[in-house]
Every structure is written in C-alpha cells, then in structure tokens.
Amino acid sequence: MPLPPLQPNRHKGKLIIVEGIDGSGKSTQLSLLAQYLRAQGKPVAFSAWNSSPLVKETTRRGKKKEMFTPTTFSLIHATDFADRMERYILPMLKAGAIVCADRYAFTAFARDVVRGVSRQWVRNLYRFAVKPNLAFYFRVPLEVAIGRILGGRDAIKYYEAGMDVGLSRNIVESFRLFQGRILEEYDAMAEEMGFHIIDATGSIEKQQQQMRAIVDRELSSSPPAPSPRRRSAPSAEGQAQ
Ligand SMILES: Nc1ncnc2c1ncn2[C@@H]1O[C@H](COP(=O)(O)OP(=O)(O)O)[C@@H](O)[C@H]1O
Ligand SMILES: [Mg+2]
23 MPLPPLQPNR HKGKLIIVEG IDGSGKSTQL SLLAQYLRAQ GKPVAFSAWN
73 SSPLVKETTR RGKKKEMFTP TTFSLIHATD FADRMERYIL PMLKAGAIVC
123 ADRYAFTAFA RDVVRGVSRQ WVRNLYRFAV KPNLAFYFRV PLEVAIGRIL
173 GGRDAIKYYE AGMDVGLSRN IVESFRLFQG RILEEYDAMA EEMGFHIIDA
223 TGSIEKQQQQ MRAIVDRELS SSPPAPSPRR RSAPSAEGQA Q
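Remember, the working numbering sits 22 above the position in the sequence shown when you count from 1.
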C-alpha cells in the first residue's frame, strides 16, 4: 500500500524545515537562516518541535514518570504538532510568512518507527501536515553528533536516549544505539521525502552558505506574496523556540 502523502502548500507563505539527529546542527543552521531572512525584511515565523502549550504539562508529567508507551508517545507528539499546525503554522503560511520549523513530521517518522510504531500508521497520523517547500536534512555520522552533544550538555534524558526501547541499560550506550537507528531511518526516507541533504560535518559557515543558496533559489522562483498591510505582517516572536 502506498504511504499517505503530506498536503501541498497552497498558501502564500513558505515552509522551511530542518531535520537530523540530535547534535547534527539543525538549530544552529535554522537560526542563522532566520537571521539572514529577517535582515532582508522578510516576515519569518519560527516553530519548534514539542513546544505547544496545549500538551506541555501532560508531556512533562508523562516523561517524568516514564509513563509513555510508543503509541502514547507518538500520539502526544502528534497532538502537539497538530496544535502548532492549526493555531500557528497554517495561519502564518496564510499570512505569507516564511515559517521555519525546527524538526517536523519526519522526526516522528524516524523516531516513532524506531520505537516500534508502524511506519504506515505514523505517516497516516501526520497526513494533515503541510508538505514543506524545503526540507533540509543535516546528515552527520553518529560519533560526530554524539561528540558535540556529550561535549556541551548535561545529562541525557530517559526518552531522548530511547531508554524505553530497552536497547541497553546504560544510558549513554542506549542513546548511541537509539540515535544510530534514527539516523538509519532518516537515510532511508531522504530520497522519498525530497530532503536537501547537507553534509553536517562541514563548518557552520559552509553549511549556511549551501542552505542560503537553496533558499534564495526557492524564494526567487516563487517569492512569498507580501502581506497586504505592513502591520499585519507576522511577528518574529510567535512561538517558543
Ligand atoms: N558545523 C558544526 N561544527 C561543529 N560544531 C557544531 C556545528 N554545528 C553546530 N555545532 C555545535 O554542536 C552542538 C549542537 O548543535 P545544535 O545546532 O544544537 O544541533 P541540533 O539542533 O541538531 O541538536 C552545539 O554546541 C553547536 O554549537
Ligand atoms: Mg536543536
């Protein structure tokens, strides 16, 4: 059976998303891109994975008490995503903004499948999602990403390490195995999803240059329509980062 597609973006705005494993440099690159676009006076809106206030408290409690199963973990993230889609991303696209999303449905396609959820089921769950105009995949070897993360951060958290999957009782080892499997899932879907693959081992500047060139091309081929009135332009501070 063919996998269900995402919805084409029929709105004035543009949707640009970044994907990749933890430590691949997504957030660094997306914030530099947002700066670049804002400096040109373009209306930029930002949306981060797992940031909807609607389910924040439940997610926090569920994680703290380690209560999620793969299905409930997937569903709560889908609810978070649906809330951001309907209340923020879609209105911003309709208003003509360039919406920059740090992680998108593909995160669920990779992670939830590694957790044991059916590939078909999770794609079906997210089929209401708007297809991005540009999807960047920051591809990086596992060891490079892990080196960046372990170098600059506090303890790895239970779900982040995929401890619920039972790959290892050692949290660092579990994190390594879990992220390695997610990496495989990303690689496997890259072509099908039309990802622009960025070699994320390159310097921050080099990657940003590549990203800007691709974005410039996309925006010049069909620029987002300017907002009808200046004061209706979406603000940059719409959503938690
Ligand atoms: N190209 C790069 N080379 C070296 N370190 C990088 C590079 N890009 C990002 N970093 C660093 O790696 C860490 C993770 O980057 P981040 O952008 O937060 O990744 P992600 O959002 O994918 O988890 C940060 O400390 C960041 O400064
Ligand atoms: Mg990040």
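Backbone N, C-alpha and C define an ideal beta-carbon position, used for all residues, glycine too.
Check	Outcome
Sorted by chain position, which residues of the same chain lie with C-beta nearer than 8 Å to I226's C-beta, five sequence neighbours on each side aside?	G47, T50, Q51 and L54
Any residue with its Cβ nearer than 5 Å to a heavy atom of ligand 1 should be included. What is that list in chain order?	D44, G45, S46, G47, K48, S49, T50, R170, G174 and I226
Which residue from I219, T223 and G224 puts its Cα closest to that of I236?	I219
Using 9 Å as the limit for Cβ to Cβ distance, is F131 near chain B?	Included in the structure is just one protein chain, with no chain B present.
Considering only heavy atoms of ligand 2, does any lie closer than 8 Å to the CB of D124?	yes
Among residues of its own chain, excluding the 5 on either side of G138, which ones have a beta-carbon nearer than 6 Å to its beta-carbon?	P92
Could you spell out the range, first to last residue, of the alpha helix (DSSP H) harbouring H99?	P92 to R106
Between which two residues does the alpha helix (DSSP H) harbouring A167 extend?	L164 to G174
For D102 and A61, what's the separation of their Cα atoms in angstroms?	30 Å
If you run the structure through DSSP and keep just helix, strand and coil, what is S53?	helix
Could you tell me whether the segment 25-39 touches the segment 194-204, where touching means 3 or more Cβ pairs closer than 8 Å?	no
Please return the same chain residues whose Cβ sits closer than 6 Å to the Cβ of R161, not counting the five positions on each side in sequence.	I219 and A222
Quick check on the burial criterion: 16 or more other C-beta atoms within 10 angstroms. Buried or exposed for G174?	exposed
What are the boundary residues of the alpha helix (DSSP H) that A127 is part of?	A127 to V136
Between the beta-carbon of F200 and the beta-carbon of V136, is there less than 9 Å?	yes
Please check the pair A157 and G216, which I expect to be a contact at CB under 8 Å, by giving their CB distance rounded to whole angstroms.	6 Å
Would you grab the beta carbon distance between K64 and I120 for me? Rounded to a whole angstrom, and I think it's under 8 Å.	6 Å
In three-state terms, what does DSSP make of Q37?	It is worth fixing the name first, because residue 37 is Leu in this sequence and not Gln. Three-state DSSP puts L37 in a strand.
By DSSP, does F12 sit in helix, in strand, or in coil?	The chain is shown only over 23 to 263; residue 12 falls outside these bounds and no answer can be derived.
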